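K.L.:
To convert, count from 1 in the sequence shown and add 903; that's our numbering.
We treat Cβ as the ideally placed atom computed from N, Cα and C, and that holds for glycine.
Here the structure is a predicted model, which means the values were calculated and not measured.
One structure, pasted below without further comment.
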Amino acid sequence: MKLKKNISACMIAAALSMMTVVSAFAAPLAEENDSYVWTKVNNEWTCVDESGHAVKGWAVHDGETYYLDKNGVMKTGWYKYDGDWYYLDEKTGILAKDTTVDGDYAVDSEGKMIKIKNR
């Protein structure tokens, strides 16, 4: 009986540990994939993977990070994800990192808004 409790306690601790790691990295993380195919249709960029499936969520291509909605359409401008704001360049869709956007908003190395400057 004691062994069962110890195993259960270890499993719970491991699960909580994994949840902490996942939530700590909930900001834009995606694997690099240079085989994505980008297409512009009706002024919107869409992206599919090598199997022809729409790429959704955060994607890294040629070293740059993008966000694609549930239909595989690239988002631009300010985008709220998991409670935080990110800026995706209006023309390219590339996630801004370690910079100031429009002179008023700062984003960190993950692209997350970290400070709003007073005007």
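So, are the CB atoms of Thr949 and Val976 less than 8 Å apart?
P.N.:
Locating residue 949 in the sequence shown gives position 46, where the first residue counts as 1. Locating residue 976 in the sequence shown gives position 73, where the first residue counts as 1. Cβ distance < 8 Å, so Thr949 and Val976 count as in contact.
K.L.:
Identify whether Lys1015 lies in helix, strand or coil by the three-state DSSP scheme.
P.N.:
Working through the sequence shown from its first residue, we reach residue 1015 at position 112. Note: Lys1015 maps to strand in three-state DSSP.
K.L.:
How is the beta strand (DSSP E) around Asp987 delimited, first residue to last?
P.N.:
The residue labelled residue 987 in the question sits at position 84 within the sequence shown. In the DSSP assignment, Asp987 falls within the unbroken beta strand (DSSP E) covering Asp987 to Leu991.
K.L.:
Who pairs with Val1004 in a beta bridge, going by DSSP?
P.N.:
Taking the first residue of the sequence shown as position 1, residue 1004 is located at position 101. Per DSSP, Tyr1008.
K.L.:
Can you tell which of Tyr990, Thr942, Gly1006 and Asn946 has its C-alpha closest to the C-alpha of Trp961?
P.N.:
Looking up residue 961 in the sequence shown gives position 58. When only C-alpha atoms are compared, the closest one is Tyr990.
K.L.:
Could you round the C-beta distance between Thr979 and Gly996 to whole angstroms and report it? I think they count as a contact, below 8 Å.
P.N.:
By one-based count along the sequence shown, residue 979 stands at place 76. By one-based count along the sequence shown, residue 996 stands at place 93. With a Cβ gap of about 5 Å, Thr979 and Gly996 count as contacting.
K.L.:
Given that a residue counts as buried once 16 or more other Cβ atoms are within 10 Å of its Cβ, and exposed if not, what is Gly986?
P.N.:
As a first step, residue 986 is located in the sequence shown; it is residue number 83 there, counting from the start. Gly986 should be labelled exposed.
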